[in-house]
Amino acid sequence: MIDKVGKLITKLFGSKSEKDIKTIQPLVDQIKSYADELEQLSDAELKAKTDDFKRRISEATKETSEQIAELKKKLDHIEELQAGEFRQLTDQLEQLEKQELEQIEQTLDAILPEAYAVLKDTCRRFVGKSWKVAGDEVQWNMIPYDVQLVGAISLHQGKVAEMKTGEGKTLVSIFPAYLNSLAGRGVHVITVNDYLAKRDAEWNEPIFKFHGLKVDCIDRYQPNTEQRRTAYRADITYGTNNEFGFDYLRDNMVINKD
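Going by my numbering, the first residue of the sequence shown is number 1, and it counts up by one from there.
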């Protein structure tokens, strides 16, 4: 009986997924509206869009970032602080960092349609090009469909996007990875095994590199090595859930920061 009532409610009002897609569809339409404009740009002009996005994020957070830097300078000289002043400054710092994150998120939401459109046009320009992936020559032939853009928007919004094998999860993931890397804080793309981590890093690297973004994979290197630390400093870092998890544990077990 309960199951029948649930089905009736879904039929009348639609499922949660259907409602989510309805709210996302206008963003998909906005992304597609940039197509003609972007196709007219040269490669250099398209690449310049990435620098413009970064500038807009920097401008949105400039004042807050400067306040954070000033507070950190004061906290570096803890011996000069009065009793209770350290706690007051750390509380202020926590609030400012939260404010900065909100400013970044608001700006990313605002530029999402154009940023996704830029990456979609990049995919179009790469069709027919080939490079080595997992030891084999692979030709790029992917331009996202609307349904894949829906998945890409969902991921940026913090939702779970379920897709079957062969429906383009690898392609979907590059859009939120690109968008969030623009903030300069690094993006982690987590896979379930090291083959996929290494493969996807190699597969997508030329697309990201076109826009001046550095890509690496932690599974290429041994733990506690400078190469792995460098991989974490990339704009977009691929890796397996196990390696990310154990690196976190290792960092929290060490005594010396170095």
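Built from N, CA and C at the ideal position, the CB exists for glycine as well. Please read these numbers as outputs of a predicted model, since none were measured by experiment.
| said: I need the straight-line Cα distance from D200 to T170, nearest angstrom please. | reply: Taking the straight line from one Cα to the other gives about 7 Å.
| Inter-residue Cα distance where the pair is G93 and G135 | Position check: residue 93 holds Leu in this sequence, whereas Gly was assumed. Cα to Cα, L93 sits roughly 47 Å from G135.
| Of all the options R233, G239 and K132, which has the alpha carbon lying nearest to the alpha carbon of D219? | G239
| request: State the Cα-Cα distance for the pair Q106 and E100, rounded to the nearest angstrom. | output: 10 Å
| K22 to K16, Cα distance in whole Å? | Going by the C-alpha atoms only, they are around 10 Å apart.
| Length of the line joining the Cα atoms of R87 and E80 | 13 Å
| said: I'd like to know whether the C-beta atoms of A177 and I104 end up nearer to each other than 8 Å. | reply: Taking 8 Å as the Cβ cut-off, A177 and I104 do not qualify as a contacting pair.
| field | E97 versus N204, Q67, A115 and H156, residue with shortest Cα-Cα distance | value | Q67
| message | Among Y34, I78 and V118, whose alpha-carbon lies nearest the alpha-carbon of F53? | response | Nearest to F53 by alpha-carbon distance, out of Y34, I78 and V118, is V118.
| message | DSSP has S314 in a bridge; who is on the other side? | response | Missing from the structure shown is residue 314; the chain here goes from 1 to 258 and no further.
| said: I'd like the list of long-range same chain contacts for I111, defined as Cβ closer than 7 Å, with 5 residues on each side in sequence excluded. | reply: Within the same chain, I111 has close Cβ partners F53 and R56.
| Spatially closest choice to G184 from I24, H77, D43 and D51, by CA coordinates | Out of I24, H77, D43 and D51, D51 has the C-alpha closest to the C-alpha of G184.
| Shortest alpha-carbon distance to Q25 belongs to which of K73, E102, L149 and T61? | L149
| said: Does the structure place the segment 179-198 close enough to the segment 215-233 that three or more beta carbon pairs sit under 8 Å? | reply: yes
| said: If contacts are defined as beta-carbon pairs under 8 Å, then K47 and G212 qualify, I think. What distance do you get, rounded to the angstrom? | reply: Confirmed, Cβ separation roughly 7 Å.
| query | How many whole angstroms separate the CB atoms of L263 and L179, which I take to be in contact at a CB cut-off of 8 Å? | reply | No answer is possible for residue 263: the residues shown for the chain start at 1 and end at 258.
| query | Exposed or buried, P223, counting other C-beta atoms within 10 Å across all chains shown (16 or more means buried)? | reply | exposed
| request: For the segment 188-215, list the alpha helix (DSSP H) runs that are entirely contained and at least 4 residues long, ordered along the chain. | output: Entirely contained in the segment 188-215, the alpha helix (DSSP H) runs reaching 4 residues are, in chain order, 194-210.
| Three-way DSSP call (helix, strand, coil) for T64 in this model | helix
| query | Buried or exposed: where does E205 fall if 16 or more other Cβ atoms within 10 Å of its Cβ makes it buried? | reply | E205 counts as buried, since no fewer than 16 other beta carbons sit within 10 angstroms of its beta carbon.
| field | A231 versus N256: straight-line alpha-carbon distance, rounded | value | 21 Å
| To which residues does DSSP link C123 through a beta bridge? | According to DSSP, which records beta bridges pairwise, C123 is partnered with nothing at all.
| request: Find the nearest neighbour of K120 within the set S130, K132, N141 and V133, judged by alpha-carbon distance. | output: N141
| message | Just to confirm the assignment, what range does the alpha helix (DSSP H) spanning T230 have? | response | E226 to Y232
| task | Rounded to whole angstroms, what's the CA-CA distance from F126 to A115? Just pull it up for me. | result | 17 Å
| field | Close beta carbons around E18, own chain, < 6 Å, minus the five adjacent residues each side | value | none
| task | Compare the C-alpha of T225 against each of V138, G128 and R250 and name the closest. | result | For T225, the nearest C-alpha among the options comes from R250.
| query | Does the separation of the CB atoms of I31 and T122 fall below 8 Å? | reply | no
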